[in-house]
Amino acid sequence: MAEFLVHTLSLPAPLAYLLAALIHCGFILGLVAAGAVVFIWAERKVSGRIQDRLGPTRTGGKFGWLQSPADGIKVLAKEDLIPRAADRLLFRAAPYVSFSSSFTAYLALPFADGWVAFDTNVAVFFILAVLGLEVFGVILAGYASGSKWSLFGAMREAAQVVSYEVPLGICVVIPVLLTGTMNLTTIANMQAGWCSNWLIFHDPFTFAVFWIYATCALASVNRAPFDLAEAESELVAGFMTEYSGMRWSLFFMAEYSSMLLVSCLAVILFFGGWHGPIPVFDWLGWAYPGGASSWQLTGFLANLAGCVNFITKAVIGVTVMLWIRWTLPRLRIDQVMTMCLKYCVPLAAICFIGALWWQVAGWWSPNHWLPLRPDGPGGMRETWVVAPEAACGEVARRLPWADSAPPHGAARRTLPGCGLAGPPAGWRTGSPAAARGGVQ
Amino acid sequence: MSIINDPRVVEFNIRTDEMLINMGPQHPSTHGVLRLVLRTDGEVVLGAAPHIGYLHRCAEKIGENLAPRQWVPYTDRMDYLASMNMNLGWALVVEKLLQLEVPEKGRHLRVLVAELNRIASHLVAMGTYGLDLGSFTPFLYAFREREKILDLFEQVCGARLTYSYIVPGGVTGDLPQGWLQNCAQFLQELEPVVDDYHALLTSNAIFIKRTAGVGVLPGEMAVNYGCTGPVLRGSGIDQDLRRDGEPWYTSLYDGYQFAVIVQKEGHYPQDHDYPAVPAEAVLGDCWHRFYVRMLEVVQSMDIVRQALDKYAAAAGDCGTPIKLNHKLPPGEAYLETEAPKGQMGFYLVTDGSAIPWRVRARSSCFANVSVTSELCRGCLLADVPAIVGSLDIVLGEIDR
Amino acid sequence: MTIWAATDWYAFFFLLFALLACGFAAAVLFTSNIVRMAFYLTLSLGATAGLFFLAGAEFVGVMQLMIYVGGTLVLLVFGVMLTARAPFLSLRPRSGEWIVSLIAGGTLLFLLIASAFGVRNWRTASDSGPLPLAEAQTATAVGAGLTGVRVDRLNRDAAGHALSQLPHTDSGYLLPFVIVSVHLLVVLVGAAYLARAKVRRRSATESTASVEG
């Protein structure tokens, strides 16, 4: 997007980058806020229907769709209470820590081909790391509230979230293993084509891993049956007990945005991201071919449809989370930890080895049906299992200095201690756009 | 030993690594205004002490100034979820003192509404227990069925919760037209829904994990503490006043076929298709107490069906309530009845006037709640609502 | 609009993150509330991760976030939060401690600055500045190195181009990787052992006897 701003609006590059960043953040914030509004309404409607009642039916007509804004207005108008025993600075900072970590993780999440705020090759790792920071907000909130109940709730939640990061990480690594990259855009593009290309159908172990991922994702966003941190019937509201008004709603929004985030991550890793069950846009020829640099209306529409597809799938995932919450009772903390350490971790590890073995042995998988892309999961193993030397050579060629000729002058700089030749002469140029080449 | 050194008092002599936590009296999961003081070491509860009295309304003292007929509403408000059974206990003890027999039709009517109210009370127990454990949906399903019972009762006596329907001498009014058909239809609607409850709670793996093996009450301890009702039967002691009580009370149930729900020789009664007992459940734990209540709902449905037929077949009237200035002969009478939550006893001492000299209500939940401190010792904090919920207490009855 | 072109944006962002990191580190030193110290340390390490991202080392930056902020600091905050009772809540070092720590910290700072400026290759003007990234960095080189393949030491042909041929004399970082993994395993097992539930003996007056059922 920054190049678009530079070329079409002739803005200076730094301003363009700043504007692009702000626009990206604006989109994500809009998505998070709209998501929270919609999910709060959906939660009340879904829970109502499951409980044989209707849910909100008066605010905004028959479906009560204005209920969420009404709740928002009510929450904004509440008195801002800070308990006397609370640590004021930390009490105020805690909701922002939680919300900002949840929001930051969206920066690396692609919504369509190339539609990502921070296109990084370590996107999966980035999202996992930032999701793990949300627990900070909870711990701070629990401690800073100055109440024993809040402290209890925060301790339980921190233990739960931190423990479930381990099986979550193992589950997430398996698609990374199968595709050979941590770049989410690449992982999703490899699953283009028919739904048989989706990674969930790669082998039985990956299929099982998806269900383990679903369990761990539920636990790491503190949804029932793992919601003892907010257990109303036991600790009033756990670490959120002393929060009211806007601060409480920030925690709530952080929770809903985390739910949407893990759902989006599952869709990209296992369900093909924005590529639909049926490759309509490939038939129409509208999708951007790999590496295209100019903007086309058809490509834009294909991306837009992909984005809608992606969000639809993620919303289905969130709806399933809502459904589970209103059906099952709550697990106790020691049962949660037992489930993590005795069941999820060993199962995830076994599935890891199984998926690895399936890939190495080259056994048949549904991904081999109708691969529209030769670099899809069906054909991926060639590049890193069969020909590691070729892969390593490829990587070596792409290092900025590894492929250059031996030094032709004493002025060449070498990075101390690693014996590599330095960068080619003449590398220092002006604008970052030119230096970066074509990377967004 | 002074109170400070008494180990049963949890508030004193706290070590620095222990925490004193106060659950209640305002708390989402204590059933009523109960204050539980917990002494915990991290997540483990070392001692629990229930503090009651927040709902004391001097009912017994007031009973010394009112005629028995006037005191009936005070019994409503004791176990307000099972008002009919409270009314029944009081009416029977007054009639026992007066040696006043209610006609047959009135007796069948009393059994009918009392058992219907037992179903309603157990539905609330089941729903709120699920709510305590985090399962929100069975609560609403239970209340949906209970609404139908409350509608039936509203047609009978005009009230939804505190009926004052069964009074000494008879009932305040006969059943309206078409009520028997409505009741029969309700029973038909309730029958398949009970299977839903079993699927959502009784056989649910997470529910079993939360309740099996938790709060095990050995039979002998239950007897020592005076626990009655499903709490006692859940520990394997075979006692039900509808079968074993005084003749003045058991004659009400003459001719009715029902099974007492208790585990005998390793299994429960097999007259219906009940869900199986899981392997993790230990006799006397929360799961068994819950299971006894669920099965009693089915048994009460059987009794109500029989009562509908017997009422329709009986002739005569339903009895005439005694007058307010009816002189009570001097003497005393005590009668315990099988209320949904346990054995509820009323004690009446009279001195010859129309106003009793002393009225006493023996609360079933009072004894049941006293066992909390034993059961909660050594459990985890999250088990405390599970244990207290399984005892199914109503503070109105405990505090009177 | 010339301000956009005239400002050295790399220096600006570098200074921003560096100031955040150092500022919060200073806040750690000067605050007396131990829980707030942990919080400021979190923010300081987060700013350091930002510095890594600025340098294009995304992988290292994310590792900083995950391991330091998300792991070590969570542990630290947990410990602080659970033990922050009244006598320890407010830590004020005495003046003698200030002097000793100033000497120790100052010496270290002097050594670091001296060695940083002592590297001849880092001091020439043409070498200060950002390295352009021809392509987004991948972590493949790191991963390959950890499993024994040093892609920067591949065999080269006569013209100096890297061949797609694995070096046979170099085992990369495989040995340190395995050693660290075994070490971590030992640590985990030891932690589980130390954290096991111990049966506490109670005196007779506090016995938790229940009626023999």
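Chains as they are written, first to last, in my numbering: chain A, 2 to 441; chain B, 36 to 435; chain C, 13 to 225. Glycine residues also receive a C-beta, built at the ideal position from the N, C-alpha and C atoms. Quick caveat: nothing in here was measured; it's all calculated off a predicted structure.
Who are the near neighbours of residue i in its chain, counting only those whose CB is closer than 6 Å to its CB and skipping five residues on each side?
i        : result
B/ASP418 : VAL249
A/GLY138 : ALA95, VAL98 and SER99
B/LEU236 : GLY165, PRO173 and PHE242
A/TRP327 : SER48 and ILE51
B/VAL251 : VAL317, GLY319 and ASP320
B/GLY413 : none
A/LEU348 : ILE213
A/CYS352 : PHE206, ALA209 and VAL210
C/ALA23  : none
Excluding the five sequence neighbours on either side, which residues of its own chain have a C-beta within less than 8 Å of the C-beta of residue i, listed in chain order?
i        : result
A/GLY65  : TRP42, ARG45, LYS46, GLY56, PRO57, THR58 and ARG59
B/ALA219 : ARG340 and LEU343
A/TYR144 : ASP88, LEU91, SER151, LEU152 and ALA155
C/LEU186 : LEU158, THR159 and GLY160
Express the C-alpha separation of residue j and residue i in angstroms, rounding to a whole number.
i        : j        : result
C/THR159 : C/PHE25  : 35 Å
B/THR372 : B/GLU226 : 27 Å
B/VAL228 : C/VAL72  : 58 Å
C/MET78  : A/GLY170 : 11 Å
C/VAL223 : B/GLY88  : Low confidence applies here, because C/VAL223 scores a pLDDT of 31, under 50, leaving its location unreliable and the question unanswered by this model.
B/MET119 : A/LEU332 : 37 Å
B/GLU331 : A/THR242 : 38 Å
C/LEU88  : A/LEU141 : 12 Å
B/VAL190 : B/ALA160 : Per the sequence presented here, residue 190 of chain B reads as Gln, with Val not at that position. Roughly 24 Å separates the two Cα atoms.
B/TYR260 : B/GLY254 : 10 Å
A/GLY318 : B/ALA149 : 47 Å
A/ASP81  : C/SER107 : 40 Å
C/MET75  : B/GLU180 : 56 Å
B/ALA368 : B/ALA194 : 29 Å
Whose C-beta lies closer than 7 Å to the C-beta of residue i among residues of the same chain, with five residues either side of it excluded?
i        : result
B/LEU90  : GLY67, VAL68, LEU430, GLY431 and ASP434
A/CYS345 : PRO168, ILE213, THR216 and CYS217
A/PHE271 : PRO176, TRP199, LEU200, ILE201 and PHE211
A/GLU135 : SER99, SER102, SER103, ALA255 and SER259
A/HIS203 : LEU179, SER366, ASN368 and PRO378
Run through chain A and tell me which residues come within less than 9 Å of residue i, C-beta to C-beta.
i        : result
B/ILE422 : Those do not exist, as B/ILE422 stays about 12 Å from chain A at its closest Cβ, beyond 9 Å.
B/ARG181 : Simply none; closest approach about 13 Å.
C/VAL89  : PHE137, ILE140, LEU141, TYR144 and ALA159
Could you list which residues in chain C have their beta carbon closer than 7 Å to that of residue i, in chain order?
i        : result
A/ALA130 : VAL74, LEU77, MET78 and GLY82
A/VAL163 : VAL86
A/ASP88  : VAL47
Taking Cβ-Cβ distances shorter than 8 Å, what residues in chain A pair up with residue i?
i        : result
B/ILE244 : Sequence check: residue 244 of chain B is Lys here, not Ile. Those within 8 Å of B/LYS244 in chain A are LEU332, ARG333 and GLN336.
B/ASN239 : LEU329 and PRO330
Find the residues of chain C that neighbour residue i, judging by a C-beta separation of less than 8 Å, and give them in chain order.
i       : result
A/LEU91 : VAL47, ARG48 and PHE51
Determine, using beta carbons only, whether residue i comes closer than 7 Å to chain E.
i        : result
B/ALA350 : The structure shown contains no chain E; the protein chains it does contain are A, B and C.
Could you name the residues of chain B that residue i contacts, counting a contact when the two beta carbons are closer than 7 Å?
i        : result
A/LEU251 : Near A/LEU251 there are no residues of chain B at all, since even the closest Cβ is about 23 Å away, more than 7 Å.
A/ALA229 : The sequence as given places Leu at residue 229 of chain A; Ala does not occur at that position. Chain B residues near A/LEU229: ALA417.
For a contact defined as C-beta to C-beta under 8 Å, what are the partners of residue i on chain B?
i        : result
A/PRO226 : GLY169 and ILE241
> Between the region 47 to 72 of chain C and chain A, which residues of the former have a C-beta closer than 7 Å to a C-beta of the latter?
Replying inline: VAL47, ARG48, PHE51, THR54, GLU70 and PHE71
>> Across the region 25 to 37 of chain C and the region 52 to 66 of chain C, are there enough close Cβ pairs to call them in contact, namely three or more that are closer than 8 Å?
In response: yes
> Using a beta-carbon distance cut-off of less than 7 Å, what residues from the region 164 to 191 of chain B approach chain A?
Replying inline: GLY165, LEU166, ASP167, LEU168, GLY169, SER170, PHE171, THR172, LEU175, TYR176 and ARG179
>> With three or more C-beta pairs closer than 8 Å as the rule, is the region 139 to 150 of chain B touching the region 348 to 362 of chain B?
In response: yes
>> Does the region 95 to 108 of chain B come into contact with the region 120 to 139 of chain B, if we say contact requires no fewer than three beta-carbon pairs (one atom in each stretch) closer than 8 Å?
In response: yes
> Closer than 7 Å, Cβ to any Cβ of chain A: which residues of the region 185 to 200 of chain C, in chain order?
Replying inline: none
>> Counting only Cβ-Cβ distances shorter than 8 Å, please list the residues of the region 108 to 141 of chain A near chain C, keeping chain order.
In response: ASP120, THR121, ASN122, VAL123, PHE126, PHE127, LEU129, ALA130, VAL131, GLY133, LEU134, VAL136, PHE137, ILE140 and LEU141
> Between the region 17 to 49 of chain A and chain B, which residues of the former have CB atoms less than 8 Å from a CB of the latter, in chain order?
Replying inline: SER48
>> Whether or not the region 25 to 40 of chain A and the region 120 to 127 of chain A are in contact is what I'm after, with contact meaning three or more pairs of Cβ atoms, one per stretch, closer than 8 Å; do they touch?
In response: no
> Three or more beta-carbon pairs under 8 Å between the region 302 to 315 of chain A and the region 275 to 285 of chain A, yes or no?
Replying inline: yes
>> Give me the subset of the region 395 to 420 of chain B whose CB atoms are less than 9 Å from a CB atom of chain A, sorted by chain position.
In response: LEU415, LEU416, ALA417, ASP418, VAL419 and PRO420
> In chain order, what residues of the region 65 to 78 of chain B put their CB closer than 7 Å to some CB of chain A?
Replying inline: GLU78
> Is it a yes or a no for the region 299 to 317 of chain B touching the region 393 to 407 of chain B, going by three-plus beta-carbon pairs under 8 Å?
Replying inline: no
> Which residues, taken in chain order from the region 51 to 65 of chain A, show a beta carbon closer than 8 Å to some beta carbon of chain B?
Replying inline: ILE51, GLN52, ASP53 and ARG54
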